[in-house]
Structure formats: C-alpha cells, structure tokens
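Single-structure report; data block below.
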Amino acid sequence: MSSFKSERELNTRFCANSPNTQYRINEDGSSQMYDFTAPPQQSFSSPEMIGSMQRILAQNVGEYVVIEFLIGTGQIMRKQGLLYNVATSFVVLYDDAVTNFIVCDIFSVKFVYFYLPGERPNHNFNILRESNVAPYSTSNSNMRNQRR
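Encoded structure:
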C-alpha cells in the first residue's frame, strides 16, 4: 500500500494550515485561491520518482517550509511559505504573511526546512534586501511591502 496521501488529504491539510478560506478544488483537479490557479497535484508514485525531491515535497503539501535555492554557482536564496503545489519542474509556495504565491524552480532546490505545526521562522526570507540581491534582479517588485 502506498504511503502517499490522497489528493483530498493534501488539500485538507493545506486548508487546515492556511488561514485563507478562499481555497477551492476545481472539477479538473486544479486548485485555486484568489486568482492563482495551480495544476492538479501529481503523486510522483512511479518507481523512478520514489526518493526524489518532488516526491518528498508532494507528500508534504500543506506544511510550512523554508527552501534554499542555489542561484548560479555560489549564492543561496531562501523562500518560505506553505507548500501549495509540487510539479515536475516547479514548486509553489504560498506566503500567508503577504498573500503572495511564489513559483520556484525545483531543480535549484538544495535544502528544505520543515516546521512543526504552528511554528514559523523568526525572519521573512521572502522580503529581499538590497544588500543580498544580485545585480540585474527584479528585487524592487519583491519589496512592495517595505518602506524605503
């Protein structure tokens, strides 16, 4: 018997961990909150995917995470939020502090920190600071909630 949680269990866990009540599942299996629609959650249950990053993340949809991404050859960038959706090439986080969705490249993921229910990191890693942003980035669009 597979230990993978059913789509309904994953959706229930996301709803339980999110204060948002606008989350819904569409008839085609896709999920929608506000105006953001994600494709149906994949199970990654094929033999090739057992033990993969996609599989472990998909099994934990609805959990609060901080993910570290390798940018280039030496820069690490952290993003945090509720794990909203996992696909073959991307992962979607929901930042409940500022109601943003963050779509991230799964092939840049290096480390994932899982938090116990109700716990959050002391720092919001989604708010970029000018000192740790690479040149030519789109950091200004990510700083909309900061005062200059």
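Residue 17 is where the sequence shown starts when you use the working numbering, and the numbers rise one by one after that. Beta carbons: idealized from backbone N, C-alpha and C, even for Gly. Keep in mind it's a predicted model, so treat the numbers as computed, not measured.
Outcome for residue i when other beta-carbon atoms lying within 10 angstroms are tallied against a minimum of 16
i, result
"L132", "exposed"
"Q96", "buried"
"Q70", "buried"
"M17", "For M17, the predicted model reports a pLDDT of 35, less than 50, meaning its position is unreliable and no value from the coordinates is stated."
"F130", "exposed"
"N142", "buried"
"S47", "buried"
"F60", "buried"
7 angstroms Cβ cutoff met for residue i and residue j
i, j, result
"E99", "E79", "Glu is not the amino acid found at residue 99; the sequence shown has Leu there. Yes, Cβ-Cβ distance for L99 and E79 is below 7 angstroms."
"P165", "V81", "Here the chain comprises residues numbered 17 to 164, so residue 165 is not present and cannot be evaluated."
"N116", "Q57", "no"
"L73", "K126", "no"
Where the alpha helix (DSSP H) through residue i begins and ends
i, result
"A54", "That residue, A54, is in no alpha helix (DSSP H); its beta strand (DSSP E) goes F52 to A54."
"I72", "M69 to A74"
Opposing strand residues paired with residue i [DSSP bridges]
i, result
"S47", "I41 and A54"
"G90", "Paired residue(s): none; G90 is not in a bridge."
Endpoints, beta strand (DSSP E) assigned at residue i
i, result
"L109", "F106 to D111"
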